[in-house]
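Engineer: These protein sequence lines map, in sequence, to chains A and B. Residue numbers 3 to 195, in the working numbering, belong to the letters of the first sequence in order. Residue numbers 3 to 195, in the working numbering, belong to the letters of the second sequence in order. Note that CB positions come from ideal geometry on N, CA and C, so glycine has one too. Small disclaimer: the values here were computed from a predicted structure and weren't measured. Sharing a structure, written as structure tokens. Questions coming.
Protein chains: 2
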Amino acid sequence: MPERRPRADAVRNREAVLAAADRLFARSDSPEHVSMADIAAEAGVGKGTLFRGFGDRTGLIQALYEARLDPIRRTVAEGPHPLGPGTPPVQRAAAVLDALLCFKLDHRHLSLALEEAATGSPYGAEHYDWWHGTLRGVLAEIPGFDGSDFAAHALLAAVRADLVDHLAGRRNIPRERLRADLATYTTKVLNSP
Amino acid sequence: MPERRPRADAVRNREAVLAAADRLFARSDSPEHVSMADIAAEAGVGKGTLFRGFGDRTGLIQALYEARLDPIRRTVAEGPHPLGPGTPPVQRAAAVLDALLCFKLDHRHLSLALEEAATGSPYGAEHYDWWHGTLRGVLAEIPGFDGSDFAAHALLAAVRADLVDHLAGRRNIPRERLRADLATYTTKVLNSP
DNA sequence: GAACCATACGGACCGTCGGTCCGTTTATGC
DNA sequence: GCATAAACGGACCGACGGTCCGTATGGTTC
């Protein structure tokens, strides 16, 4: 099959929609108050265009999240020290969790939107499987570390968007304090007998 | 003020509604597919009664959750070994987390419904604060343990309903395996240098 | 640049849901 | 019994996610 390229206006609109959604989520205090109609209006586009381009609300949010997170994902997969492969596993696992925490702090609204949108839970979204698989692999390289599968889930749960939002947003814990707390915690998990 | 007792039919209906909701959540695969109208119909009651009695959907689910969880909460607060006070802190923290995991396994649908209902996140529901405060207190009793506040959040995140549901439900990990995995993990956290 | 067609557009429209409102019924105290 | 406050229940409302189809437009070919 010849794999026709999409029309120029379709590409333009797709970008406009993602940008509009990003803006609206950042502006509003709770992602559920941002309706699909709002996003369409902000992007200067009909509602039909949203649903044609992204399938449904979850699809749109996932696409946006994926686009923003992709750089970090790449860095972890093939980037330089300390995120990339080639870093000793204990240090790398800590670096990955720290990077994830920072991302969720920097994109709090978006991350929140994603976890709310993914039907019921973030689990089952393919990007979660990727993070879990990667982290589990790193943990498994630590000598004498057992239970890496569950530990990977549990460590990722420690940086879930709603928890981060609760601590940073509602309780006003400063960024560096959170990073330090997370580092202390991960150290406990990673350097256990 | 004379503090009039509620009418008998109101009490009866309240029970009927809670029982109906419990049944419906247990039956359906996803809590969001259980509507307030469904619950009212199942309880043989008008929709108005639901909202008068519980305020809104979140209130109803919280009331139900609270009712089911209360026994465990009591046991932790004032019960016998190993959940109650008087147990050495490392052992007690592990026991509390195990009890919470078991509860979420036994009431998977209900727990899922709660986390979905609480606007945005389970944080901010007063019962979460109670668990966090309690666990933090136990952790703080462990000699040389620092970062108990964040650690309490992180450990509770490891037994969140949607994670438990993902592992036990979608991935079919057996109950005892999960309990063992959690125990291994908590041991790492609690017995760190 | 004209004509053709696949592709994309957009907003009226639909079903459902949480939540409200108010006329009606009923339990309770005297 | 009777009066009355309390509770009932279901018609009703506004909002939302998602669909549908007549219309517009970018791309291609001559």
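Which residue from B/Arg9, B/Leu165, B/Leu85 and B/Ile74 puts its Cα closest to that of B/Gly55?
Structural biologist: Locating residue 55 of chain B in the second sequence gives position 53, counting from the first residue. Looking at the Cα atoms, B/Arg9 is the closest of the given residues.
Engineer: What are the start and end residues of each continuous alpha helix (DSSP H) run of 4 or more residues lying completely inside the region 6–58 of chain B, in chain order?
Structural biologist: 10–29, 38–45 and 49–56
Engineer: Could you check what DSSP says for B/Met3 in three-state terms: helix, strand or coil?
Structural biologist: Translated into positions along the second sequence, residue 3 of chain B becomes position 1. With a pLDDT of 46 at B/Met3, under the threshold of 50, the modelled position of this residue cannot be trusted, and the question is left open.
Engineer: Hey, A/Leu158 and A/His134 are a contact pair by Cβ (cut 8 Å); roughly how many whole angstroms apart?
Structural biologist: On the first sequence, residue 158 of chain A is found 156 positions in, with the first residue counted as 1. On the first sequence, residue 134 of chain A is found 132 positions in, with the first residue counted as 1. The beta-carbon distance between A/Leu158 and A/His134, rounded to whole angstroms, is 6 Å. This is short enough to meet the 8 Å contact definition.
Engineer: Rounded to whole angstroms, how far is the Cβ of B/Leu52 from the Cβ of B/Ala43, which I believe are closer than 8 Å?
Structural biologist: Counting from one through the second sequence, the residue named residue 52 of chain B turns up at place 50. Counting from one through the second sequence, the residue named residue 43 of chain B turns up at place 41. With a Cβ gap of about 10 Å, B/Leu52 and B/Ala43 do not count as contacting.
Engineer: Mind listing the chain A neighbours of B/Ala153? Cutoff is C-beta to C-beta under 7 Å, in chain order.
Structural biologist: The residue labelled residue 153 of chain B in the question sits at position 151 within the second sequence. Under the 7 Å cutoff, chain A gives Tyr187.
Engineer: Would you grab the beta carbon distance between A/Gly116 and A/Ile63 for me? Rounded to a whole angstrom, and I think it's under 8 Å.
Structural biologist: Stepping through the first sequence from its first residue, residue 116 of chain A is reached at position 114. Stepping through the first sequence from its first residue, residue 63 of chain A is reached at position 61. Just to set this straight, residue 116 of chain A is Leu in the shown sequence, not Gly. That belief holds up - the Cβ atoms of A/Leu116 and A/Ile63 are roughly 5 Å apart, short of 8 Å.
Engineer: How big is the Cα-Cα spacing for A/Ala97 and B/Tyr187?
Structural biologist: The count along the first sequence starts at 1 and reaches residue 97 of chain A at position 95. The count along the second sequence starts at 1 and reaches residue 187 of chain B at position 185. If you draw a straight line from the Cα of A/Ala97 to the Cα of B/Tyr187, it is about 20 Å long.
Engineer: Of all the alpha helix (DSSP H) runs that stay within the bounds of the region 57–100 of chain A, which reach a length of 4 or more residues?
Structural biologist: 59–80
Engineer: Can you tell me which of the three DSSP states A/Ala160 falls into?
Structural biologist: For the purposes of this step, residue 160 of chain A is taken as the residue at position 158 of the first sequence. Note: A/Ala160 maps to coil in three-state DSSP.
Engineer: Per DSSP, what are the beta-bridge partners of A/Ala127 in this structure?
Structural biologist: What you label residue 127 of chain A is simply residue 125 of the first sequence in a count that begins at 1. In the DSSP output, where bridge partners are listed per residue, A/Ala127 has A/Tyr125.
Engineer: Cα separation between A/Ala119 and B/Asn193?
Structural biologist: Position 117 of the first sequence, counted from the start, is the residue given in the question as residue 119 of chain A. Position 191 of the second sequence, counted from the start, is the residue given in the question as residue 193 of chain B. If I take the Cα positions, the gap works out to 37 Å.
Engineer: Out of curiosity, what's the CA-to-CA distance linking B/Glu34 and A/Ser32?
Structural biologist: Counted from its first residue, the second sequence places residue 34 of chain B at position 32. Counted from its first residue, the first sequence places residue 32 of chain A at position 30. Using only the alpha carbons, I get a separation of about 19 Å.
Engineer: In whole angstroms, what separates the C-alpha of A/Gly171 from that of B/Ser150?
Structural biologist: Within the first sequence, the letter at position 169 stands for residue 171 of chain A. Within the second sequence, the letter at position 148 stands for residue 150 of chain B. Near 20 Å, if we compare the C-alpha coordinates of B/Ser150 and A/Gly171.
Engineer: Quick test of the definition: if touching needs 3 or more C-beta pairs under 8 Å, does the region 87–96 of chain B touch the region 18–28 of chain B?
Structural biologist: Short answer: they don't touch.
Engineer: Would you mind sorting B/Ser113 into buried or exposed? The rule is 16 or more other CB atoms within 10 Å of its CB.
Structural biologist: As a first step, residue 113 of chain B must be located in the second sequence, where it is residue number 111. It is buried - the Cβ of B/Ser113 has at least 16 other Cβ atoms within 10 Å.
Engineer: Output, in chain order, the set of chain B residues within a Cβ distance shorter than 8 Å of A/Ser194.
Structural biologist: Residue numbering aside, residue 194 of chain A sits at position 192 when the first sequence is read from its first letter. Going along chain B in sequence order, the residues near A/Ser194 (Cβ under 8 Å) are Thr189, Lys190, Val191, Asn193 and Ser194.
Engineer: Can you give me the C-alpha to C-alpha distance between A/Leu169 and A/Leu137, rounded to a whole angstrom?
Structural biologist: Residue mapping note: residue 169 of chain A aligns to position 167 of the first sequence, counting from 1. Residue mapping note: residue 137 of chain A aligns to position 135 of the first sequence, counting from 1. Approximately 24 Å between the Cα atoms of the pair.
Engineer: Is it the case that the Cβ atoms of B/Lys106 and B/Val166 are separated by a distance below 8 Å?
Structural biologist: As a position in the second sequence, residue 106 of chain B is number 104, starting the count at 1. As a position in the second sequence, residue 166 of chain B is number 164, starting the count at 1. Their beta carbons are under 8 Å apart, which means B/Lys106 touches B/Val166 by this criterion.
Engineer: Check the Cβ of B/Ser123 against every Cβ in chain A and list those closer than 9 Å, keeping chain order.
Structural biologist: The count along the second sequence starts at 1 and reaches residue 123 of chain B at position 121. What B/Ser123 touches in chain A: Leu114, Glu117, Glu118, Arg162, Ala163, Asp164, Leu165, Asp167 and His168.
Engineer: Does the beta carbon of A/Glu178 fall short of 7 Å from some heavy atom of the ligand GTP?
Structural biologist: Looking at this structure, you won't find the ligand GTP or any other ligand, since it has none at all.
Engineer: Does any CB atom of chain A fall closer than 8 Å to the CB of B/Ala159?
Structural biologist: As a working mapping, residue 159 of chain B is identified with position 157 in the second sequence. With 8 Å as the cut-off, B/Ala159 counts as an interface residue toward chain A.
Engineer: In terms of alpha-carbon separation, which member of A/Arg59, A/Thr60, A/Leu66 and A/Gly139 lies closest to A/Glu17?
Structural biologist: Your numbering for residue 17 of chain A matches position 15 in the first sequence. Checking every option, the nearest Cα to that of A/Glu17 belongs to A/Leu66.
Engineer: Indicate the three-state DSSP secondary structure (helix, strand or coil) for A/Asp148 in the structure shown.
Structural biologist: Here residue 148 of chain A refers to the residue found at position 146 when the first sequence is read from its first residue. Coil, per DSSP.
Engineer: In whole angstroms, what is the alpha-carbon distance linking A/Ala127 and B/Asp40?
Structural biologist: Taking the first residue of the first sequence as position 1, residue 127 of chain A is located at position 125. Taking the first residue of the second sequence as position 1, residue 40 of chain B is located at position 38. Looking at the two C-alpha atoms, the distance is approximately 29 Å.
Engineer: Measuring alpha carbon to alpha carbon, tell me which residue in A/Ala156, A/Leu99, A/Pro145 and A/Pro176 is nearest A/Leu184.
Structural biologist: Residue numbering aside, residue 184 of chain A sits at position 182 when the first sequence is read from its first letter. Answer by Cα proximity: A/Leu99.
Engineer: Helix, strand or coil for A/Glu143 per DSSP?
Structural biologist: The residue you call residue 143 of chain A lines up with position 141 of the first sequence. Residue state, collapsed to three classes: coil.
Engineer: Would you tell me roughly how many angstroms separate the C-alpha atoms of A/Trp132 and B/Asp11, rounded to the nearest one?
Structural biologist: Residue mapping note: residue 132 of chain A aligns to position 130 of the first sequence, counting from 1. Residue mapping note: residue 11 of chain B aligns to position 9 of the second sequence, counting from 1. In a straight line, the C-alpha of A/Trp132 is about 53 Å away from that of B/Asp11.
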